[in-house]
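Trainee: Residue numbers (my numbering): 801 to 1122.
One structure is given below, represented as structure tokens, and several questions about it will come after.
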């Protein structure tokens, strides 16, 4: 799909070769102050695809916001052809309050496609889906792990989608994790609309990690370069290692409450029965060895020093894609 000469978005018209920052406003704060979500648009004079780059669906996922911020600050979002639309913080309400959810207590990523007469989160989802997403040919959505659970840099896509497989390999994150689209998620709604999405996961909430940020920014550059949209002044590096494709996985949960310390690093390949962590008590009378249940890669680690029985402490691959 090639784009029109004039992009009409949120009541504004942006022609080829123009830049614009437009805003969508859904509701005011209880103080009557307006909250505007900036939508940053860069258009080349040369027609081409439209790529939408988003982050901050969850207000506590700061590293995703930082990735999109760097893409804008470095000028990576100024395409050699086509259009790049950036929304660094979708859930600006949660970002302001340093909270994952919306003020109405809802998870934005569980209310899509939303409705204009629904909850606050539902209204934001509806506006995003009806007024911005239809312009996109591809979406790159940046997330991080929840709470203290640190995600290895990974692209999440569904299986058996040739375009997504190709683009995920081009992005070059250490892992490609094949996961089903969750009902009422942003990804699932875009899939139903026929718009491919690369969902990036990396890092943990309330944290900015330089390696995760670099992986996200470099991956976005590779994808834009693949689409012949990246400005020639930017160099594109090749991934240090080939992607590991994870077909299935399991969460390893704590058998005991206590003080927790992982003894393996994120991205590590482990063998069955390797010791990968310890659960102890404050009094030195208890030390439980956490062992790998199978051969696989550790691609999420709980970095909380205090855990409770049943808490997810490791995410490990079970089956790798051949």
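Cβ atoms here follow ideal geometry from the backbone N, Cα and C, with glycine treated the same way.
Leaving out the 5 sequence neighbours to the left and right, which residues in its chain are closer than 7 angstroms to residue 1069 when beta-carbon positions are compared?
Mentor: The residue labelled residue 1069 in the question sits at position 269 within the chain shown. 1097.
Trainee: Helix, strand or coil for residue 840? Go by DSSP, reduced to three states.
Mentor: Within the chain shown, residue 840 is the residue found at index 40, counting from 1. The answer is strand: DSSP assigns residue 840 an E or B state.
Trainee: Going by the CB atoms, is the gap between residue 1118 and residue 1049 shorter than 8 angstroms?
Mentor: As a working mapping, residue 1049 is identified with position 249 in the chain shown. As a working mapping, residue 1118 is identified with position 318 in the chain shown. Yes, they are a contact pair.
Trainee: Tell me, to the nearest whole angstrom, how far the beta carbon of residue 1061 is from that of residue 1076; I am working on the premise that it is less than 8 angstroms.
Mentor: Start at 1 with the first residue of the chain shown, and residue 1061 comes out as number 261. Start at 1 with the first residue of the chain shown, and residue 1076 comes out as number 276. At roughly 10 angstroms, the Cβ-Cβ gap does not stay under 8 angstroms, so residue 1061 and residue 1076 are not in contact.
Trainee: Between the alpha carbons of residue 920 and residue 862, how many angstroms are there, rounded?
Mentor: Here residue 920 refers to the residue found at position 120 when the chain shown is read from its first residue. Here residue 862 refers to the residue found at position 62 when the chain shown is read from its first residue. Distance between the alpha carbons of residue 920 and residue 862: 21 angstroms.
Trainee: With DSSP collapsed to three states, give me the class of residue 1013.
Mentor: Residue 1013 sits at position 213 when you count from the first residue of the chain shown. In the structure shown, residue 1013 sits in a helix (DSSP, three-state: H, G or I).
Trainee: Helix or strand or just coil, what does DSSP make of residue 963?
Mentor: The residue labelled residue 963 in the question sits at position 163 within the chain shown. If DSSP states are grouped into helix, strand and coil, residue 963 belongs with the helices.
Trainee: Between residue 956 and residue 985, how many whole angstroms is the CB-CB distance? I'm expecting something under 8 angstroms.
Mentor: As a position in the chain shown, residue 956 is number 156, starting the count at 1. As a position in the chain shown, residue 985 is number 185, starting the count at 1. Incorrect: roughly 11 angstroms between the Cβ atoms, too far for contact.
Trainee: For residue 1051, which residues of its own chain have a beta-carbon under 7 angstroms away from its beta-carbon, when the five flanking residues on both sides are left out?
Mentor: By 1-based counting over the chain shown, the position of residue 1051 is 251. Result list for residue 1051: 1112 and 1115, in chain order.
Trainee: Restricting to Cα atoms, I'd like to know which of 945, 1012, 1010 and 967 is closest to residue 1104.
Mentor: Along the chain shown, one-based indexing puts residue 1104 at 304. For residue 1104, the nearest C-alpha among the options comes from 945.
Trainee: Opposite residue 823 in the DSSP bridges: which residues?
Mentor: Residue mapping note: residue 823 aligns to position 23 of the chain shown, counting from 1. Note: residue 823 sits in a beta bridge opposite 838.
Trainee: Whose CA, out of 1053, 1088, 1071 and 903, lies closest to the CA of residue 1100?
Mentor: The residue given as residue 1100 occupies position 300 in the chain shown. Answer by Cα proximity: 1053.
Trainee: Could you have a look at residue 867 and say whether DSSP puts it in helix, strand or coil?
Mentor: Here residue 867 refers to the residue found at position 67 of the chain shown. Note: residue 867 maps to helix in three-state DSSP.
Trainee: Does DSSP classify residue 932 as helix, strand or coil?
Mentor: Start at 1 with the first residue of the chain shown, and residue 932 comes out as number 132. In the structure shown, residue 932 sits in coil (DSSP, three-state: anything other than H, G, I, E or B).
Trainee: Helix or strand or just coil, what does DSSP make of residue 1075?
Mentor: Translated into the one-based positions of the chain shown, residue 1075 becomes position 275. Residue 1075 falls in the strand class under three-state DSSP.
Trainee: Are the CB atoms of residue 807 and residue 926 nearer to each other than 8 angstroms?
Mentor: Locating residue 807 in the chain shown gives position 7, counting from the first residue. Locating residue 926 in the chain shown gives position 126, counting from the first residue. Contact flag unset, no.
Trainee: Taking the alpha-carbon positions, what's the residue 852 to residue 827 distance?
Mentor: By 1-based counting over the chain shown, the position of residue 852 is 52. By 1-based counting over the chain shown, the position of residue 827 is 27. Whole-angstrom Cα-Cα distance: 23 angstroms.
Trainee: Could you have a look at residue 938 and say whether DSSP puts it in helix, strand or coil?
Mentor: Numbered from its first residue, the chain shown carries residue 938 at position 138. Residue state, collapsed to three classes: strand.
Trainee: Taking the CB atoms as reference points, tell me whether residue 1043 and residue 1120 lie closer together than 8 angstroms.
Mentor: Translated into the one-based positions of the chain shown, residue 1043 becomes position 243. Translated into the one-based positions of the chain shown, residue 1120 becomes position 320. Not closer than 8 angstroms, so no.
Trainee: Looking only at DSSP bridge pairs, what is residue 1096 linked to?
Mentor: If you number the chain shown from 1, residue 1096 lands on position 296. DSSP output for residue 1096 lists 1070 as bridge partner(s).
Trainee: Is the Cβ of residue 1088 closer than 8 angstroms to any Cβ of chain C?
Mentor: Within the model displayed, chain C is absent; a lone protein chain is all it includes.
Trainee: Residues in its own chain within less than 6 angstroms of residue 824 by CB, not counting five upstream and five downstream?
Mentor: Counting from 1 along the chain shown, the entry for residue 824 is found at position 24. Only 810, 837 and 927 meet the Cβ criterion.
Trainee: Measure the beta-carbon distance from residue 1032 to residue 880 and round it to whole angstroms, keeping in mind my assumption that it falls under 8 angstroms.
Mentor: Looking up residue 1032 in the chain shown gives position 232. Looking up residue 880 in the chain shown gives position 80. With 8 angstroms as the limit, residue 1032 and residue 880 qualify as a contact, their Cβ atoms being about 7 angstroms apart.
Trainee: If you follow the beta strand (DSSP E) that residue 1045 is part of, which residue opens it and which one closes it?
Mentor: In the chain shown, residue 1045 corresponds to position 245, counting from 1. Looking at the DSSP string, the run of the beta strand (DSSP E) that includes residue 1045 is 1044-1053.
Trainee: Cβ of residue 1137 within 8 angstroms of Cβ of residue 839?
Mentor: Beyond the ends of the chain as shown, which are 801 and 1122, falls residue 1137; an answer cannot be given.
Trainee: So, with DSSP's three-state summary, where would you put residue 1021?
Mentor: If you number the chain shown from 1, residue 1021 lands on position 221. Three-state result, residue 1021: helix.
Trainee: Determine the extent of the alpha helix (DSSP H) in which residue 893 is found, giving its start and end residues.
Mentor: Here residue 893 is taken as the residue at index 93 of the chain shown, counted from 1. Looking at the DSSP string, the run of the alpha helix (DSSP H) that includes residue 893 is 892-897.
Trainee: Need the endpoints of the beta strand (DSSP E) that residue 977 sits in, please.
Mentor: Position 177 of the chain shown holds residue 977. From DSSP, the beta strand (DSSP E) with residue 977 extends over 975-978.
Trainee: Less than 8 angstroms separating the beta-carbons of residue 1019 and residue 1000?
Mentor: Walking along the chain shown from the start, residue 1019 turns up at place 219. Walking along the chain shown from the start, residue 1000 turns up at place 200. Yes.
Trainee: How would you write the range of the beta strand (DSSP E) that residue 992 sits in, first residue to last?
Mentor: For this step, residue 992 is matched to residue 192 along the chain shown. Unbroken run through residue 992 is the alpha helix (DSSP H), 986-992; no beta strand (DSSP E).
Trainee: Going along the chain, which residues of its own chain have a beta-carbon closer than 8 angstroms to the beta-carbon of residue 939, five neighbours each way excluded?
Mentor: For the purposes of this step, residue 939 is taken as the residue at position 139 of the chain shown. Hits under 8 angstroms: 851, 852, 853, 854, 933, 990, 995, 996, 997 and 998.
Trainee: Quick one: residues in its chain with C-beta nearer than 6 angstroms to the C-beta of residue 887, no 5 flanking neighbours on either side, listed in chain order?
Mentor: Counting from 1 along the chain shown, the entry for residue 887 is found at position 87. Closer than 6 angstroms at Cβ, skipping near neighbours: 839 and 854.
Trainee: According to DSSP, is residue 953 helix, strand or coil?
Mentor: Here residue 953 refers to the residue found at position 153 of the chain shown. In this structure, residue 953 counts as strand in the three-state DSSP scheme.
Trainee: Measure the C-alpha to C-alpha separation of residue 917 and residue 905 and round it to an integer number of angstroms.
Mentor: Here residue 917 refers to the residue found at position 117 when the chain shown is read from its first residue. Here residue 905 refers to the residue found at position 105 when the chain shown is read from its first residue. Roughly 17 angstroms separates the two Cα atoms.
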